[in-house]
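Enquirer:
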Amino acid sequence: MQPLQAGDPAWVGHYQMLARLGAGGMGTVYLAKSPGARLAALKLVRQEFANDEGFRERFRREIAAARQVSGLYTAPVLDGDADASRPWLAVSYVPGPTLSEAVRTAGPLPEPPLRALGAGLVEALQAIHAAGLVHRDLKPTNILLAEDGPKVIDFGITKSADASALTGTGVLVGTPAFMAPEQISRGKDAGPPSDVFSLAGVLVFAATGSGPFATADPSSLLYRVLYEDPRLDGVPASLRELLAACLAKDPAERPELPAMLDAFAPADPAALISPGLREEIAALEAAATAASTAPVAPPPPLPSIDETAPVTPSRRRVLRLAAAAAVGVVGAGGGATAWALTRKDAKPVKPAPRATGLVAAPPPVWAQSWPSDLRDDSRLNVVMAGGTVVWRGQKGFCGVDAASGRLLWSAGRPTKIDSLDECVFQVFGSTIVALGAMQLVQADGTNLFPTKTIHTIEATTGAARTVEIPGHDLDLQDLFGLIGSTAYVSAKPSQGSRDVVVLAVDMNSGRILWRFPARSVYVYGVTGGTTLYINTPSKVIALDGATGAQRWTRTLVPGDASKEVAHPLMLGDGLLFVSETGYGSLRAVDTATGAVKWTAPTVGRPVLVVNGMVVTADLTSFQAYDRATGAPRWKRPTDPVELGLSSPRNDAGGSSRLLAAAIDDNGTSSDDRHDGGGIFVVPFGGGTAWAHWGPSYGRDEWSVAVSGTNVYATDNRRLYCFRAEA
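Sequential numbering of the sequence shown, starting at 1, is according to full-length UniProt numbering.
(1) How would you call P212, buried or exposed, if buried means at least 16 neighbouring beta carbons within 10 angstroms?
(2) By Cβ distance, which residues of its chain are closer than 8 Å to L374, with the 5 residues on each side in sequence left out?
(3) E279 by DSSP, collapsed to three states: which one?
(4) Provide the residue(s) that pair with Q623 in DSSP beta bridges, ordered along the chain.
(5) DSSP state of H692, grouped into three classes?
(6) Taking all protein chains shown into account, decide if R254 is buried (16 or more other Cβ within 10 angstroms of its Cβ) or exposed.
(7) Identify, in the order they occur along the chain, each residue of the same chain with its Cβ nearer than 6 Å to the Cβ of S198, setting aside the five sequence neighbours on each side.
(8) What three-state label does DSSP hand P9 in the structure shown?
(9) Determine contact between the segment 33-41 and the segment 53-67, defined as no fewer than three beta-carbon pairs at a distance below 8 Å.
(10) Considering only their Cβ atoms, is the gap separating Y720 from A385 smaller than 8 Å?
(11) When you compare only the Cα positions, how much space is there between T629 and R224?
(12) Would you mind reading off the limits of the beta strand (DSSP E) that contains E527?
(13) What residues in its chain sit with their C-beta under 8 Å from that of P269, if we drop five residues either side in the sequence?
(14) How should Y712 be labelled, buried or exposed, when 16 other C-beta atoms within 10 angstroms of its C-beta is the threshold for buried?
(15) Considering only their Cβ atoms, is the gap separating Y488 from A504 smaller than 8 Å?
(16) I believe R20 touches T28 by the beta-carbon criterion, under 8 Å. Please report the beta-carbon distance rounded to the nearest angstrom.
(17) Does the distance from the C-beta atom of F59 to that of P76 stay below 8 Å?
(18) From G234 to L247, what does the alpha carbon distance come to, in whole angstroms?
(19) Contact check, residue 746 vs P113 under 8 Å by CB: the rounded distance?
(20) By Cβ distance, which residues of its chain are closer than 7 Å to E458, with the 5 residues on each side in sequence left out?
(21) In this structure, does DSSP put P251 in helix, strand or coil?
(22) With which residues is Y533 paired in a DSSP beta bridge?
(23) Measure the CB-CB distance between F428 and G510 and report whether it falls below 8 Å.
(24) Let me know the secondary structure DSSP gives V502 once reduced to three states.
(25) Spatial neighbours of N508 within its chain, please: CB distance less than 6 Å, with the 5 preceding and 5 following residues excluded, ordered by chain position.
(26) To the nearest angstrom, how far is the alpha carbon of E256 from that of V122?
(27) G209 to R587, Cα distance in whole Å?
(28) CB L543 to CB L556, shorter than 8 Å?
(29) Let's see if you can read the secondary structure: which residues bound the alpha helix (DSSP H) around V225?
(30) When burial is assigned at 16 or more other CB atoms within 10 Å of the CB, is H455 buried or exposed?
(31) In this structure, how does DSSP classify E57 when only helix, strand and coil are distinguished?
(32) Between L575 and the rest of its own chain, which residues show a CB-CB distance below 7 Å, the 5 nearest in sequence each way excluded?
(33) List the endpoints of the continuous beta strand (DSSP E) containing I457.
(34) Thinking just about the alpha-carbon of each residue, which of A291, L242, V501 and N710 is nearest to the one in A402?
(35) Is any beta-carbon of chain C found at less than 8 Å from that of L513?
(36) Please classify A631 as buried or exposed, where buried requires at least 16 neighbouring CB atoms within 10 angstroms.
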């Protein structure tokens, strides 16, 4: 529970806002009080959804249907208004931690409380389904543990079982770690059996501390849900068969809820409430009571720089981290739409994260708004391309002069890409390369978003070109790099085998020059000199860029690695740095011979090679290792903020000056009810770390790039340039 923040309303409808309970992808949740002094959890929908009439119609149906839900194990709906300027929904406030918080604090549940949890959640789903609803997003953060049992909350994406689908093309509804296969493939509507699948995933999490398809690499999660068996190690033997049946890929093979209720017997509801949980519930009750009886301070005013900023956060939920080399920043002139903020009396956009002890960011040098002609609703990514900052949204790109903030050009998305939200997007020199890589595969192996084109945009001018790759049965999946006019990509057959094929494509003609069967479903790659290096779950392979011939192969993981995941590669100073987070190690591989030079224990991923060091990042720290020996050089903890994990694809080196990362201040990577996000900047050479704190978005809403001592960051509202001392 946090105080109200700048921009928060004092009243919504006839409810008075008391405090913040959290924020998620659909909106912000407040502790609120009705005129009769009843406490409620009120979700206020984000502005970009409020502007979508299709969303309003769906929200209106959901409020009406959710009012019909009754039962001990659901939080009752009190009120809502789908026609308000920003739609809102109020449910009865339930004092209690989420299941995610409880497991993280006290550990996995033993069998008696696990059975009680399962029985309670089955009854909750029975009440939801009896009202003609399908929840579609049952997960640990949507389950509260109250004194009288578990409560299912957040009906934000429920759907009437007899209603037509109202979600747009390419939109996944749900949380991937707990989604049913049919929600991912969209081959059929998600009905009540999808909630059974999610329930089983929640119970596996409660029993083990991780989901049944958990992986260190988010890019492989959807594949695991679609095709791999769940991991049930740690689940009590008496419940393993039941949960395995609930996790069947075919919805028709999953058990019905009444049969599940019988299987959880005997279930003692009191077993779920441990002494520690009872104390936490009492503390939350006391805090809510204090908030409801104390005078409520009005929300603080917004800082002036944010007063007119449109609220348009991204829908993407991919954690990002950027580290960049010192690149000469060129450009001149000040654009009329860029804000010059170099006055001595200028103030930071936002203070540093609350109670973190971090120094606030310096004033921004300039701030640029997203081009109005693109009419975009999300700004997803920012990268450097020489003296141009390339800003990508869901519906287009734009180039901004790095020195002045002047808008140089803007371009809509290529016609062959349905949404840039899911495209692969990289910069090589001054060339932007993109391909639409939305990989949603049906049970028969057919990709719903086939991709057979590569697109390039010149960063300095915005000039675009599309390269068609005709005459093949492969769907492009990922981009590894460019050597001259040859692009190296991964692809999968449109049907049949799911193993990756590596392709070399002539960017002038679209002709496939050679192909290499990787014999793996997970592959990453990077180019260096005249060589393409690819990484499968067990091997690193060097391929001749011109012919595709193998130069060397190095097995890194012995035995069967079919259940493991390949991780991105980082190239620098004649070494290839390979992160194998499943084994807690970082390996340095000689690019000429494939020999492993050293291995260092780490849970981080390499993000930068600089000044004789390789720097890794995990959730809570940056760590530097000697490039030649692997010996630890230094460690920079970031506690209590968390970094965004990355899958870096670009080389970094030279005289880099800064590290920058997206951050969260809630101290958890599994609970999406965060309180905000921003960027965290660490100068090399012992300089003072600082942070810029944004509105109520988490780290997944931020993207950063660094050039010299300039830090470029987008919060999906504006693009900022900060000039740091380093």
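Where a beta carbon is used, it is the ideal one built from N, C-alpha and C, also for glycine.
From a predicted model like this one, the values you see are computed outputs, not experimental measurements.
Expert: Let me spell this out:
(1) Working through the sequence shown from its first residue, we reach residue 212 at position 212. Buried: at least 16 other Cβ atoms inside 10 Å.
(2) Locating residue 374 in the sequence shown gives position 374, where the first residue counts as 1. Same-chain partners within the cutoff: G393, K395, G396, C398, S410 and G412.
(3) For the purposes of this step, residue 279 is taken as the residue at position 279 of the sequence shown. Correct three-state label for E279: helix.
(4) Residue mapping note: residue 623 aligns to position 623 of the sequence shown, counting from 1. Answer is T616 and K635.
(5) To locate residue 692, count along the sequence shown from 1; it is residue 692. Reduced to three states, the DSSP call for H692 is strand.
(6) Mapped onto the sequence shown, residue 254 falls at position 254. Buried, since its Cβ has 16 or more Cβ neighbours within 10 Å.
(7) In the sequence shown, the residue the question calls residue 198 occupies position 198. Counting only Cβ-Cβ distances below 6 Å, and skipping sequence neighbours, we find L138 and F178.
(8) In the sequence shown, the residue the question calls residue 9 occupies position 9. Coil at P9, not helix or strand.
(9) no
(10) Here residue 385 refers to the residue found at position 385 of the sequence shown. Here residue 720 refers to the residue found at position 720 of the sequence shown. No. Outside cutoff.
(11) Position 629 of the sequence shown, counted from the first residue, corresponds to residue 629. Position 224 of the sequence shown, counted from the first residue, corresponds to residue 224. When rounded, the distance between both Cα atoms is 36 Å.
(12) Along the sequence shown, read from residue 1 onward, the residue named residue 527 stands at position 527. Correcting the residue identity first, residue 527 is Thr in this sequence and not Glu. T527 -> beta strand (DSSP E) spans Y524 to G528.
(13) Residue 269 sits at position 269 when you count from the first residue of the sequence shown. Only A116, A119, G120, D148 and G149 meet the Cβ criterion.
(14) Residue numbering aside, residue 712 sits at position 712 when the sequence shown is read from its first letter. Buried, by the Cβ-count rule.
(15) Your numbering for residue 504 matches position 504 in the sequence shown. Your numbering for residue 488 matches position 488 in the sequence shown. Contact: yes.
(16) As a working note, residue 20 is residue 20 in the sequence shown. As a working note, residue 28 is residue 28 in the sequence shown. Yes, R20 and T28 are in contact; Cβ-Cβ is about 7 Å, under 8 Å.
(17) Along the sequence shown, one-based indexing puts residue 59 at 59. Along the sequence shown, one-based indexing puts residue 76 at 76. Taking 8 Å as the Cβ cut-off, F59 and P76 do not qualify as a contacting pair.
(18) As a first step, residue 234 must be located in the sequence shown, where it is residue number 234. As a first step, residue 247 must be located in the sequence shown, where it is residue number 247. Taking the straight line from one Cα to the other gives about 16 Å.
(19) Within the shown structure, residues of the chain are numbered from 1 to 726, placing residue 746 beyond reach of any answer.
(20) Position 458 of the sequence shown, counting from 1, holds the residue named residue 458. Answer for E458: S430 and T431, listed in chain order.
(21) Translated into the one-based positions of the sequence shown, residue 251 becomes position 251. DSSP places P251 in helix when its eight states are reduced to three.
(22) In the sequence shown, residue 533 corresponds to position 533, counting from 1. V526 and A542.
(23) If you number the sequence shown from 1, residue 428 lands on position 428. If you number the sequence shown from 1, residue 510 lands on position 510. No.
(24) Locating residue 502 in the sequence shown gives position 502, where the first residue counts as 1. Reduced to three states, the DSSP call for V502 is strand.
(25) On the sequence shown, residue 508 is found 508 positions in, with the first residue counted as 1. Closer than 6 Å at Cβ, skipping near neighbours: S485.
(26) To locate residue 256, count along the sequence shown from 1; it is residue 256. To locate residue 122, count along the sequence shown from 1; it is residue 122. Computed Cα separation, rounded: 10 Å.
(27) The count along the sequence shown starts at 1 and reaches residue 209 at position 209. The count along the sequence shown starts at 1 and reaches residue 587 at position 587. Spanning the two alpha carbons is a distance of roughly 28 Å.
(28) On the sequence shown, position 543 is the one that residue 543 refers to. On the sequence shown, position 556 is the one that residue 556 refers to. L543 places its beta carbon 8 Å or farther from that of L556.
(29) Residue numbering aside, residue 225 sits at position 225 when the sequence shown is read from its first letter. That run of the alpha helix (DSSP H) goes L221 to Y227.
(30) Counting from 1 along the sequence shown, the entry for residue 455 is found at position 455. Buried, since its Cβ has 16 or more Cβ neighbours within 10 Å.
(31) For the purposes of this step, residue 57 is taken as the residue at position 57 of the sequence shown. If DSSP states are grouped into helix, strand and coil, E57 belongs with the helices.
(32) Numbered from its first residue, the sequence shown carries residue 575 at position 575. A588, V589, D590, T591, K597 and R627, listed in sequence order.
(33) Looking up residue 457 in the sequence shown gives position 457. Element bounds for I457: T453 to E458.
(34) Along the sequence shown, read from residue 1 onward, the residue named residue 402 stands at position 402. Here the closest residue by C-alpha is N710.
(35) Absent here is chain C; the protein component of the structure consists of one chain.
(36) Translated into positions along the sequence shown, residue 631 becomes position 631. A631 should be labelled exposed.
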